[in-house]
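Residue numbers for the sequence shown, in the working numbering: 62 to 562. All C-beta atoms, glycine included, are put in the ideal place defined by N, C-alpha and C.
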Amino acid sequence: MTSKVPFYLSVVFLIIAGIALSVFRHQSYGVPWTPGETRQMWDIEARVEFNAQDKPVKASLAVPHTQDGFTLINESSSSSGYGVAYVSSDAGRRAEWSIRHASGPQTIYYKAQFLVDPQAKVEPLPPEDKIFPPTFDGPMEAAVTALIERASQRSADDTTFARELIKQLNDNDSQNAALILNQMSKVNAVDKILAYAGIPAKIVGVIELEDGRRRQSIQHMNQVWNGKQWQLFNPESATWSAQPNLLVWDESNVSLLDLIGGRNSQVHFTMIAQEVSPQQATDSKVEADGLLNFSIHSLPLEEQAMFKTIMLIPIGALIVVFLRVIIGLKTSGTFMPVLIAVAFVQTQLVTGIVGFLLIVGTGLIIRSYLSRLNLLLVARISAVIITVIMIISIFTVVAFKIGLTEGLSITFFPMIILSWTIERMSILWEEEGPKEVVLQGGGSLLTAVLVYLAMTNSFVQHLTFNFIGLQLIVLAGILLLGTYTGYRLTELRRFKPLAED
Numbered sequence: 062m063t064s065k066v067p068f069y070l071s072v073v074f075l076i077i078a079g080i081a082l083s084v085f086r087h088q089s090y091g092v093p094w095t096p097g098e099t100r101q102m103w104d105i106e107a108r109v110e111f112n113a114q115d116k117p118v119k120a121s122l123a124v125p126h127t128q129d130g131f132t133l134i135n136e137s138s139s140s141s142g143y144g145v146a147y148v149s150s151d152a153g154r155r156a157e158w159s160i161r162h163a164s165g166p167q168t169i170y171y172k173a174q175f176l177v178d179p180q181a182k183v184e185p186l187p188p189e190d191k192i193f194p195p196t197f198d199g200p201m202e203a204a205v206t207a208l209i210e211r212a213s214q215r216s217a218d219d220t221t222f223a224r225e226l227i228k229q230l231n232d233n234d235s236q237n238a239a240l241i242l243n244q245m246s247k248v249n250a251v252d253k254i255l256a257y258a259g260i261p262a263k264i265v266g267v268i269e270l271e272d273g274r275r276r277q278s279i280q281h282m283n284q285v286w287n288g289k290q291w292q293l294f295n296p297e298s299a300t301w302s303a304q305p306n307l308l309v310w311d312e313s314n315v316s317l318l319d320l321i322g323g324r325n326s327q328v329h330f331t332m333i334a335q336e337v338s339p340q341q342a343t344d345s346k347v348e349a350d351g352l353l354n355f356s357i358h359s360l361p362l363e364e365q366a367m368f369k370t371i372m373l374i375p376i377g378a379l380i381v382v383f384l385r386v387i388i389g390l391k392t393s394g395t396f397m398p399v400l401i402a403v404a405f406v407q408t409q410l411v412t413g414i415v416g417f418l419l420i421v422g423t424g425l426i427i428r429s430y431l432s433r434l435n436l437l438l439v440a441r442i443s444a445v446i447i448t449v450i451m452i453i454s455i456f457t458v459v460a461f462k463i464g465l466t467e468g469l470s471i472t473f474f475p476m477i478i479l480s481w482t483i484e485r486m487s488i489l490w491e492e493e494g495p496k497e498v499v500l501q502g503g504g505s506l507l508t509a510v511l512v513y514l515a516m517t518n519s520f521v522q523h524l525t526f527n528f529i530g531l532q533l534i535v536l537a538g539i540l541l542l543g544t545y546t547g548y549r550l551t552e553l554r555r556f557k558p559l560a561e562d
């Protein structure tokens, strides 16, 4: 007796592989589990304005990159007559514009497009090992020392230390805080005091994302290293700023804009939010991150449309196997209902059912006449195929003439499958009688309707098209159903008299 252990191991492997592929696609490409979801994308434009001094000009603007929660999809620059280059260094990324001669008011535009991406994770750059503490005068140093001592007593690590320090600086009754803030801003005070305490920290430029916001200036906040990542703090409040609408634009800890050959420079930001489909978001992320995309989305649109229907066929096959093996429903042909359901998807349900009944009914009448001619099988099937084509053509023309445009879609029916269906039903009529024809024909039509309902379900369409791993799970389910050897539900009525006794 052959052991079924390898078989069950294969089934388990298929299920695990299918789930793993689906989870990987969701985690890496950001494909949502449910249909109808949209992804948010931000278009952010930086407008640099200055007055050129009638000599060569070089402008360097700190620009962002992919960060936790945001994926940089695209960036572009608009600057008439200027050369542009993107430079990466230890201090971060910068866009540099240069021109040999310029005078008068100048305007440079930089545009970045970010996808809100919870899966976006970036390895943070740890701080330098050596920290250079600042120097203060006597009263200032005493105030800083007092703040550090109080924050140390009320904190457990660098993160909580920074939180307690910001609380003290925002305390209007603190004389030490007032003394320090008379000489510097809060963000600089936090940065210098943290450096004096030996805690790695830096000042970053942050943009608060708000749809339709114009001429927004960059906000300066503090980042503190907690040993694993940088945590953002707003110096105006004592809370850790983890809001999803904050985008770190400038991580250089040096300057937002460096300008040579100009003066009176200003940088303003304008932003617009837009909702995009999951497919657009996935394609943009794949292109931006350079990921290898082996999904259907990597194909041309024409092939994608074709596979959108093909990937639904395994779901129909699973339903047919379940209805035949577990329920015991009789159908004319094994997978004929699946192909009929595919035609229903194109014709719509009511039009498809009416067309199916008309074609099969008319075909049976003509087939009954052909049976009297005692033709060979090949000739008879060929005659039935030609007859089905003629029936479809006549019905389509008649529907068009009387104004039933829905009838034009009847041409989507598979002609060869319908011909074999008519042939099988005709033989079944002669051998088993009309009752068996009605049972199998009705079972086929019912199965086709159930498969159609599954194929047109938006949730099923979304999963089959976006997660190819689902096909492995469906295959495993069909293999398990194939091992079932028990009674079908429709067979239990034979034992009803025994149950009554």
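- Following the DSSP letters along the chain, one finds residue 324 inside the beta strand (DSSP E) bounded by residues 323–337.
- About 18 Å separates the beta carbon of residue 296 from that of residue 306, a gap too long to meet the 8 Å contact definition.
- Annotated three-state conformation of residue 527 is helix, per DSSP.
- Shortest Cα-Cα distance from residue 122 to any of 163, 129, 247 and 138 involves 138.
- In the three-state reduction of the DSSP assignment, residue 94 falls in the coil class, being assigned neither a helical nor a strand state.
- Every unbroken stretch of the alpha helix (DSSP H) spanning 4 or more residues and falling wholly within the region 486–518 is given here in chain order: 495–516.
- Pairing residue 183 with residue 148, the inter-Cα distance amounts to about 19 Å.
- When the Cα atoms are used, residue 403 and residue 104 turn out to be separated by approximately 41 Å.
- When secondary structure is reduced to three states using DSSP, residue 284 falls in the strand class.
- Here the alpha carbon of residue 369 sits roughly 16 Å from the alpha carbon of residue 408.
- Beta-bridge pairing by DSSP links residue 111 to 167.
- The C-beta separation of residue 487 from residue 425 comes to about 6 Å, placing the pair in contact by the 8 Å criterion.
- A check of alpha carbon separations from residue 533 across 67, 66, 65 and 71 identifies 71 as the nearest.
- Here residue 324 is exposed: its Cβ has fewer than 16 other Cβ atoms, across all protein chains shown, within 10 Å.
- DSSP places residue 313 outside both helix and strand once states are collapsed to three, so it counts as coil.
- Here residue 239 is exposed: its Cβ has fewer than 16 other Cβ atoms, across all protein chains shown, within 10 Å.
- In the displayed model, residue 252 falls within a helix according to three-state DSSP.
- About 30 Å separates the beta carbon of residue 550 from that of residue 422, a gap too long to meet the 8 Å contact definition.
- Around the CB of residue 501, 16 or more other CB atoms lie within 10 Å, so the residue is classed as buried.
- Judged by DSSP in its simplified three-state form, residue 258 adopts coil rather than helix or strand.
- The Cβ atoms of residue 201 and residue 241 sit closer than 8 Å to each other.
- Residue environment analysis places residue 67 among the exposed positions, since fewer than 16 neighbouring C-beta atoms fall within 10 angstroms of its C-beta.
- Beyond the five residues adjoining it in sequence on each side, residue 274 comes within less than 6 Å, by CB distance, of 332 in the same chain, given in chain order.
- Of all C-beta pairs linking the region 500–520 to the region 71–85, fewer than three are shorter than 8 Å, placing the two stretches out of contact.
- Taking all protein chains in view, the Cβ of residue 270 is crowded by 16 or more other Cβ atoms within 10 Å, so the residue is classified as buried.
- A direct Cα-to-Cα measurement between residue 251 and residue 192 gives close to 15 Å.
- Per the Cβ contact rule, the region 120–136 is in contact with the region 169–185 (3 or more Cβ pairs under 8 Å).
- In this structure, residue 313 keeps its C-beta atom at 8 Å or more from the C-beta atom of residue 79.
- Judged by their CB atoms, residue 530 and residue 208 are not nearer to each other than the 8 Å cut-off.
- Scanning the region 182–243 for uninterrupted alpha helix (DSSP H) segments of 4 residues or longer gives 199–214, 219–230 and 236–242, listed from N- to C-terminal end.
- As DSSP reads the structure, residue 105 sits in a beta bridge with 173 and 332.
- In the pairwise beta carbon analysis, the region 499–513 is classified as touching the region 369–382: at least three pairs are separated by under 8 Å.
- Closest in alpha carbon position to residue 382, among 542, 489 and 499, is 542.
- A Cβ-Cβ distance of about 16 Å is found for the pair residue 318 and residue 146, leaving them out of contact under the 8 Å criterion.
- Cβ-Cβ separation between residue 405 and residue 413: approximately 4 Å, consistent with a contact (criterion under 8 Å).
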